[in-house]
Each structure stands twice: as C-alpha cells, then as structure tokens.
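See structure below.
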Amino acid sequence: MGRISLIEGYNIFEPYIDTEFGENYTPEKFELINKEFTEEEVLKTVGKPLFIHRDTLTGEIELTYTNDGFLRRKSNRNYDIEDFAWYRSSVHFDSIGKIIRIDKGWSYD
Numbered sequence: 025m026g027r028i029s030l031i032e033g034y035n036i037f038e039p040y041i042d043t044e045f046g047e048n049y050t051p052e053k054f055e056l057i058n059k060e061f062t063e064e065e066v067l068k069t070v071g072k073p074l075f076i077h078r079d080t081l082t083g084e085i086e087l088t089y090t091n092d093g094f095l096r097r098k099s100n101r102n103y104d105i106e107d108f109a110w111y112r113s114s115v116h117f118d119s120i121g122k123i124i125r126i127d128k129g130w131s132y133d
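The opening position of the sequence shown corresponds to residue 25 in the numbering used here, with each subsequent residue numbered one higher.
Written as structure tokens, this is what we have:
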C-alpha cells in the first residue's frame with residue numbers, strides 16, 4: 025500500500041486532523057460571524073473559545089477558537105507524520121468591542 029508523505033501539508037483525507045477546536049466550535053458556525061456582531065453574539069453563535077487574549081495597552085481582545093498541534097497533544101492515533109496544516113479561526117475586537125478582524129484559513133507553519 026502506498027503512502028502520501030506530507031510535512032505540514034494539507035491532509036486531503038482528514039483536513040482538520042491537526043486542528044484543536046474550542047468546545048462547540050464548528051467551521052460552519054464560525055462562517056456565520058460578521059463584523060456587525062458583538063462579543064456576546066460571537067460567543068452565543070460559536071461558543072467558548074480555546075483562548076482569550078487581552079492586550080492591556082490597546083484594550084483589544086482576541087477570541088481564538090482553534091489551535092495547532094492536535095496530533096502531538098491529544099490524539100491517541102499513531103502517525104509517521106505528526107504535523108499537518110491546521111485551520112485557524114479567531115475574532116479580534118477593538119477597545120470598544122467592535123470587530124476589527126475575523127481571521128480564518130489554513131496555516132502551514
């Protein structure tokens with residue numbers, strides 16, 4: 025049987041294989057967010073983020089819903105390659121609670 029060797033590549037068989045998701049997060053729910061949402065609406069739609077980063081200098085807040093490295097940390101599967109592309113999802117708010125950026129997409133780092 026042949027093997028596909030990808031280092032930090034996109035896994036066509038299991039795209040989210042190396043992505044850790046926040047509780048109740050789905051990419052489909054994240055797609056519903058738009059720049060008019062409040063922080064409360066984001067939390068109600070997508071759920072609790074994995075991480076909340078607060079910049080004490082600017083007052084900006086980042087809600088991070090996905091993270092890299094799922095295979096190394098949490099999976100009970102054994103793979104020859106333990107680092108695949110992962111899907112990032114985060115929402116950034118300014119100091120008055122307005123969304124300034126919705127970041128989503130594949131990362132190959």
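Quick reminder that beta carbons are idealized off the backbone N, C-alpha and C, glycines included.
- In this structure the region 105-119 lies against the region 49-63, because at least three pairs of beta carbons, one per stretch, are closer than 8 angstroms.
- If the five residues before and after Y40 are omitted, its C-beta is found closer than 7 angstroms to the C-beta atoms of Y111, all from its own chain and listed in chain order.
- Here F75 carries a strand assignment [DSSP, helix/strand/coil].
- In this structure, G46 lies near T90, with their beta-carbon atoms less than 8 angstroms apart.
- Beta-carbon to beta-carbon, K53 and T69 are separated by about 6 angstroms, close enough to satisfy the 8 angstroms threshold.
- Of all alpha-carbon atoms in G33, G93, E86, the one lying nearest the alpha-carbon of I76 is that of E86.
- Shown here, T69 sits in a helix according to DSSP, grouped into three states.
- When DSSP states are grouped into helix, strand and coil, L95 belongs to the helix group.
- Contact between Y34 and A109 holds: CB atoms are separated by about 5 angstroms, below the 8 angstroms threshold.
- With contacts defined as CB atoms closer than 8 angstroms, I124 and I57 fail to qualify as a contacting pair.
- Shown here for P73: same chain residues with a beta carbon closer than 6 angstroms to its own, the five before and five after excluded, namely G46, L87, T88, Y89 in chain order.
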